[in-house]
Amino acid sequence: MIEYIWLVPFFPLLGVIINGILGIRFSKRLIGLIGSTAILLSFLVSCRILWEVLQLPPDARVFEVPLYTWIPCGDLKVNIGFLVDALSLVMMLTVSGVSFVIHVYSIGYMHDDPGFRRYFTYLNLFVFFMLTLVSASSFLLMFVGWEGV
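Numbering (the numbering used here), first residue to last: 2 to 150.
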């Protein structure tokens, strides 16, 4: 399951795409459900990764999951990927857990707001960039997350 760490930021991005493009046709209830479910799925994947990492010996609990090699130049390789270690796991759980609670609260709090769809689209986008920031394995991807936040 560790190799599926890319799903943690992917689910909020999927929520952005669905609510941002198709959300104009959806009810407010469905928009809130899509946004919250995307964050909940990220939290559940983070919990599963934590469970797998805790089964390993302490000296084997750091993983790098490269998705793409951006610059292959001799011995220098700049990878686009994710890092799984104690700090990134704690941050992924914190960001996705707190964001899920914020999403659920926002469904009721923002219900009468005319920008409801836009709010949930931007909130999912923020969570995507935050999860990218805390789980990036290179400064390049971390910078992308930083700029998005």
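Quick reminder that beta carbons are idealized off the backbone N, C-alpha and C, glycines included.
Where residue i falls, given that 16 or more other Cβ within 10 Å makes a residue buried
| i | result |
| --- | --- |
| S28 | exposed |
| I3 | exposed |
| F1 | Residue 1 lies beyond the stretch modelled for the chain, which goes from 2 to 150, so this question has no answer here. |
| L42 | buried |
| I19 | buried |
| P73 | exposed |
| P10 | buried |
Any chain C beta carbon closer than 7 Å to residue i
| i | result |
| --- | --- |
| G33 | Annotation note: the requested chain C is absent from the structure, which comprises a single protein chain. |
Supposed close pair residue i, residue j - CB separation, criterion 8 Å
| i | j | result |
| --- | --- | --- |
| L51 | L8 | Not a contact, Cβ separation roughly 14 Å. |
| L94 | S47 | 5 Å |
| S138 | L84 | 4 Å |
| L23 | W71 | Actually they do not touch by this definition, with Cβ atoms about 31 Å apart. |
Closest residue to residue i among the options (Cα-Cα distance)
| i | options | result |
| --- | --- | --- |
| H112 | P10, L31, I6, E53 | L31 |
| G98 | V85, V128, F144 | V128 |
| D86 | W71, L41, D60 | D60 |
| L126 | M143, Y5, L23, I40 | I40 |
| F130 | G149, F144, G116 | G149 |
| L45 | Y5, V145, R62 | Y5 |
Check: residue i C-beta below 6 Å from any heavy atom of the ligand ATP
| i | result |
| --- | --- |
| P10 | Inclusion of the ligand ATP in the displayed structure is not the case, the ligand content being empty and no account of it being possible. |
For this session: May I ask you to verify whether the region 111-123 touches the region 71-87, counting CB pairs closer than 8 Å and requiring at least 3?
Result: no
For this session: Evaluate contact between the region 57-69 and the region 11-21, counting only Cβ atoms and requiring at least three cross-stretch pairs below 8 Å.
Result: no
Exercise. Whole beta strand (DSSP E) runs in the region 25-96 with 3 or more residues, listed along the chain?
Worked result: 64-74, 77-85
For this session: Assess, as a yes-or-no matter, whether the region 132-150 is touched by the region 29-37 under the definition of 3 or more beta carbon pairs within less than 8 Å.
Result: no
Exercise. Using 8 Å as the Cβ pair cut-off and three pairs as the minimum, do the region 100-113 and the region 36-50 touch?
Worked result: yes
For this session: Let me know the alpha helix (DSSP H) ranges lying completely inside the region 90-136, each 4 residues or longer, listed in chain order.
Result: 117-136
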